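Going by the numbering used here, the first residue of the sequence shown is number 94, and it counts up by one from there.
Heads up, the beta-carbon is just placed ideally off N, CA and C, and yes, glycines get one too.
Owing to the predicted nature of the structure, the values given are computational and were not obtained by experimental measurement.
Below is one structure, written out as C-alpha cells; comments come after it.
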Amino acid sequence: MSFRRESDKYMRPYFLIIDFPKRSIHAKIVHRAQHTTVASVGTNSRDLKAFLPDKTDLAACRFTGELLARRAKEADCYAVAFNGSRVEGRLAVVIDSLVDCGISVYRMDREILLSREPGKNSSFSSR
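Next up, the structure:
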C-alpha cells in the first residue's frame with residue numbers, strides 16, 4: 094500500500110454515499126477512519142413522508158440533498174469525497190443541492206472539486 098492511499102482517509106475523512114433503490118433515495122456521509130455515519134437521510138423516513146408527495150422525483154432529490162447538508166453542518170462536516178464516475182440525472186440534483194448549501198464535494202478518482210458554473214443550472218465543472 095502506498096502512503097497516499099493510506100493517508101487519504103485521514104486527509105479527507107468524510108465520504109458521501111448515495112443510493113437509488115426503486116422507490117426511495119438514501120444518502121449518507123460516513124467518516125472513513127472511524128467507520129461511523131455522520132449524517133443520514135432517506136425518503137422512506139417518517140420525517141419526510143409528510144413533505145414529499147413522490148419519493149423518487151427531482152424535488153425529493155433536492156430536498157434530500159438540502160437536509161443532508163443541514164445535518165452534516167450540525168456535525169461539523171463541510172467537505173465530502175465522492176467516488177462516482179458519472180454525475181448526471183438524480184445524482185446531479187442531490188450533489189447540486191449539497192453544493193448550494195455550502196458542502197464541498199470532491200471526486201476521489203480525479204482529485205477535483207465539483208462545483209457549478211455561474212451561468213449554468215445543475216451541471217458540474219471541475220475546478
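Alpha-carbon spacing of residue i relative to residue j, whole angstroms
{"i": "S117", "j": "V186", "result": "15 Å"}
{"i": "S216", "j": "A172", "result": "Because S216 sits at a pLDDT of 48, beneath the cut-off of 50, its placement in the model cannot be relied upon, and the following sentence gives the value as read from the coordinates. Taking the straight line joining both Cα atoms gives about 19 Å."}
{"i": "G195", "j": "S95", "result": "32 Å"}
{"i": "F156", "j": "Y199", "result": "21 Å"}
{"i": "G177", "j": "F108", "result": "11 Å"}
{"i": "F128", "j": "A168", "result": "Before going on, a small fix: residue 128 reads as His here, not Phe. Distance between the alpha carbons of H128 and A168 is about 15 Å."}
{"i": "M104", "j": "D112", "result": "24 Å"}
{"i": "K148", "j": "G158", "result": "13 Å"}
Extent of the continuous beta strand (DSSP E) run through residue i
{"i": "S229", "result": "Look at the range of the chain in this structure, 94 to 220, and you will see that residue 229 is not part of it."}
{"i": "S133", "result": "T129 to G135"}
The alpha helix (DSSP H) enclosing residue i, as first and last residue numbers
{"i": "T157", "result": "L151 to E167"}
{"i": "L145", "result": "L145 -> no alpha helix (DSSP H), and no H or E assigned at all."}
{"i": "S190", "result": "R183 to D193"}
Strand pairing of residue i, partner residues [DSSP]
{"i": "Y107", "result": "H124"}
{"i": "A174", "result": "F108 and Y199"}
Integer-rounded CB distance, given that residue j should sit under 8 Å from residue i
{"i": "A165", "j": "S190", "result": "With 8 Å as the limit, A165 and S190 do not qualify as a contact, their Cβ atoms being about 12 Å apart."}
{"i": "A153", "j": "L160", "result": "Contact flag wrong, Cβ pair sits at about 10 Å."}
Three-pair Cβ contact test at 8 Å for the stretch 106-120 versus the stretch 175-186: yes
Any 3 or more C-beta pairs closer than 8 Å across the stretch 136-147 and the stretch 163-178: no
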